[in-house]
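Residue numbers (the working numbering), protein chains in the order written: chain A, 1 to 319; chain B, 1 to 319. Every residue gets a Cβ at the ideal spot worked out from N, C-alpha and C, and that includes glycine. Here the structure is a predicted model, which is why all the values come from computation and not from measurement. Read the structure below first, then the notes.
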DNA sequence: GTGAAAGCGCTAACAG
DNA sequence: CTGTTAGCGCTTTCAC
């Protein structure tokens, strides 16, 4: 074990001097500096990070809590976090939950154990009541949690959906369905609320049977089309909260001779490259930016303003 | 700071007894056990992981080195690693490199600093010569590195490509191009080797201008189609090493009235759900299994056998 | 500028 | 069964 002590001995200085050199503190005579560096070289010394972490009470690593790793949405948000983290010398620790509450709690537990300095929750499964005891300024939510003391960055899903409906109405649609990934969670609830509010205001009450749920993947979109086809009364348009799902719908519709948008219009969210490629009308959702901002919030002190991000419609061929 | 010492004091026992209880070691009188547990409860004690790591010289975490996070390929491999790691109480630390050599070396540096117990290299940028000094039994490669002492799990890309060509020949194609993500790296080199070997053996020498490179994303596939269209002499079929790219090709071809497979056949790799959705003929590549096996190898002692995984053709509509 | 020494919090060998 | 004690390796205050 070549540690700081052995190099102190070899260099003929004290451990504190070695530490100073290693951490580029000022006030070390150049001569001793060199001696230390030589010893480091000679003994092939490598700092033990765990000792540093213990001593400092910090790890310069942040945990990212996410349900799945094989969805573009989370890949993109991760990319955003990772980029920003790198700039600040932090690295990422992954806590994949599969939306399992226990797995999510484990992440908090590890934070308490100081394995990570903080946590970014990209999607949450436990209730806030359950998590409350663990939440502090080192926890960032990617949703509009109500507690004003919590750090958060979120998409304006409420307005997003409302704008979507407005757009569909302007195109003459009034029989409109909704396709969601899940029904719980703040983000989904905001979308649902926007959907109901706007629908009712416009005098087109929501038809529950036109709401599809549990749609994450391409395949799920294909199932939606099949289900849609079965219905006696069909919506003429669907708002779909993920481009992956929309892509599945478009391909399945193609196979079945369902004309998009004539038989069924699709208004999507994300603006993932697949939407561009497949000519899917989609609201751009700045997911990567959510990742970037979430890390910035983590670093900020005090009670920083929540970050609110808007969606932008990109008109293409599916509406 | 409520530490092991304070709870020892409160429980009226020694720190070692506390440690024993906390780690579920045998030989602790039930009575003291309870005392300790009560104290833990009362003081809201939480173990400091960094102290454990330092003391044990282990972190029970493994680093995953990957270039990008926003590609399904890496999402899938991560999913495989994460699942297996979870079973064994390990968690993941992410090292995203963007194929930057320095970033990759940093991962090795952190391993040396004991931040992670090991490293899984899903894709590599440095030469093995550069990495050699850092490679031990705690490093796993997802490629067929030549050194027999290195742990590795890899896809038989060589045979995969050869089988692909064989299949295309059987369908009457002889003017065949190749679409790669990159040209360096063992996996790509194996594919290229397979392509050259089979082409020459079949008497259809490779046309360099039919080899496309740097294809990772959907968009890249669209560009390939445009480039293909420009060519005076066109291949009648393309082997494409990623379904994402193939998907981009299919959509772009559709827009341009290029008939698949009549004008251009596409033989893809991955068998990502998008291939099924878009009816793309594709070799299934067990990427998730690569992730699972890589973690298992990490855990294994001695010099375990390399894991070789094969690809399986799924005939669909693009050939 | 520099060193001694007291932590950081836990583990484990050893002695009883 | 249980306690003492010596680490694990680095940081940082304090005194000189």
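Quiz item: Hey, residue 224 (chain B) and residue 212 (chain B) are a contact pair by Cβ (cut 8 Å); roughly how many whole angstroms apart?
Solution: 5 Å
Self-check item: CB contact check: residue 92 (chain B) to chain A, cutoff 8 Å
Solution: yes
Practice problem: Would you mind reading off the limits of the alpha helix (DSSP H) that contains residue 112 (chain B)? | Solution: 101 to 112
Quiz item: Buried or exposed: which applies to residue 96 (chain B), given that a residue is buried once 16 or more other Cβ atoms fall within 10 Å of its Cβ?
Solution: buried
Quiz item: Can you tell which of B:119, B:230 and B:184 has the C-alpha that lies nearest to the C-alpha of residue 214 (chain B)?
Solution: B:184
Quiz prompt | For residue 140 (chain A), three-class secondary structure by DSSP | solution = The answer is strand: DSSP assigns residue 140 (chain A) an E or B state.
Quiz item: Does the stretch 226 to 245 of chain B come close enough to the stretch 292 to 301 of chain B to have 3 or more Cβ pairs within less than 8 Å?
Solution: no
Quiz item: Distance, Cα to Cα, residue 169 (chain A) vs residue 190 (chain A)?
Solution: 20 Å
Quiz prompt | Assigned exposure category for residue 93 (chain A) - 16 Cβ within 10 Å defines buried | solution = buried
Quiz item: Does the beta carbon of residue 299 (chain A) sit closer than 8 Å to a beta carbon anywhere in chain B?
Solution: No, its Cβ sits nowhere closer than 8 Å to a Cβ of chain B.
Quiz item: So, is the C-beta of residue 149 (chain A) closer than 8 Å to a C-beta in chain B?
Solution: no
Self-check item: Length of the line joining the Cα atoms of residue 157 (chain B) and residue 195 (chain B)
Solution: Their backbone Cα atoms lie some 10 Å apart in a straight line.
Quiz prompt | Where residue 209 (chain B) falls, given that 16 or more other Cβ within 10 Å makes a residue buried | solution = exposed
Quiz prompt | Rounded straight-line distance, which links the Cα of residue 218 (chain A) to that of residue 71 (chain A) | solution = 10 Å
Quiz item: Which word fits residue 308 (chain A), buried or exposed, when buried means at least 16 other C-beta atoms lie within 10 angstroms of its C-beta?
Solution: exposed
Quiz item: Hey, quick one: how far does the beta strand (DSSP E) through residue 242 (chain A) stretch, first residue to last?
Solution: Per DSSP, residue 242 (chain A) lies in no beta strand (DSSP E) segment and is marked neither H nor E.
Self-check item: Validate contact between the stretch 104 to 119 of chain B and the stretch 76 to 95 of chain B using beta carbons, cut 8 Å, 3 pairs
Solution: yes
Exercise. Would you mind listing the alpha helix (DSSP H) stretches within the stretch 165 to 241 of chain B that are 4+ residues and don't spill past its ends, in chain order?
Key: 186 to 201 and 218 to 230
Exercise. With distances taken Cα to Cα, identify the nearest neighbour of residue 87 (chain B) among B:137, B:272, B:45 and B:61.
Key: Comparing alpha carbon positions, the residue from B:137, B:272, B:45 and B:61 closest to residue 87 (chain B) is B:61.
Practice problem: Anything in the stretch 111 to 145 of chain B with a Cβ closer than 8 Å to a Cβ of chain A? List those residues in chain order, please. | Solution: 112, 113, 114 and 115
Quiz prompt | Start-to-end residues for the alpha helix (DSSP H) that takes in residue 17 (chain A) | solution = 15 to 22
Quiz prompt | Rounded separation between residue 273 (chain A) and residue 280 (chain A) - CA only | solution = 10 Å
Quiz prompt | Backbone CA spacing between residue 111 (chain A) and residue 318 (chain B) [nearest angstrom] | solution = Counting only the Cα atoms, residue 318 (chain B) lies some 49 Å from residue 111 (chain A).
Quiz item: For the stretch 31 to 52 of chain B, which residues have a beta carbon sitting closer than 7 Å to at least one beta carbon of chain A?
Solution: Cβ contacts with chain A come from 46, 47, 48, 49, 50 and 51.
Quiz prompt | Neighbour flag for residue 320 (chain A) against chain B, beta carbons, 8 Å | solution = Residue 320 (chain A) is absent from the structure shown; chain A starts at 1 and stops at 319.
Quiz item: Closest Cβ-Cβ distance between residue 67 (chain B) and chain A: below 8 Å?
Solution: no
Quiz prompt | Cβ neighbour criterion (16 or more within 10 Å) applied to residue 53 (chain B) | solution = buried
Quiz item: Within the 8 Å Cβ cut-off, does residue 230 (chain A) reach chain B?
Solution: Not closer than 8 Å to any Cβ of chain B, the Cβ of residue 230 (chain A) fails to qualify, so no.
Quiz item: In angstroms, rounded to a whole number, what distance separates the CA positions of residue 330 (chain A) and residue 135 (chain A)?
Solution: For residue 330 (chain A) there is no data in the structure shown, the boundaries of chain A being 1 and 319.
Quiz item: DSSP three-state call for residue 257 (chain B): helix, strand or coil?
Solution: coil
Practice problem: Rounded to whole angstroms, what's the CA-CA distance from residue 49 (chain A) to residue 43 (chain B)? Just pull it up for me. | Solution: Each residue's Cα considered, the two are about 28 Å apart.
Exercise. Please say whether residue 167 (chain B) and residue 314 (chain B) have beta carbons closer to each other than 8 Å?
Key: Taking a C-beta distance under 8 Å as the contact criterion, residue 314 (chain B) and residue 167 (chain B) do not qualify as a contact pair.
Exercise. Sort A:187, A:162, A:137 and A:161 by Cα distance to residue 320 (chain A) and report the nearest one.
Key: An answer regarding residue 320 (chain A) cannot be provided, because it is not within the stretch 1 to 319 covered by chain A.
Quiz item: Going by DSSP, what residues sit across from residue 62 (chain A) in a beta bridge?
Solution: A:92 and A:118
Self-check item: residue 297 (chain A), DSSP secondary structure in three states
Solution: helix
Quiz prompt | First through last residue of the alpha helix (DSSP H) which encompasses residue 36 (chain A) | solution = From DSSP, the alpha helix (DSSP H) with residue 36 (chain A) extends over 30 to 43.
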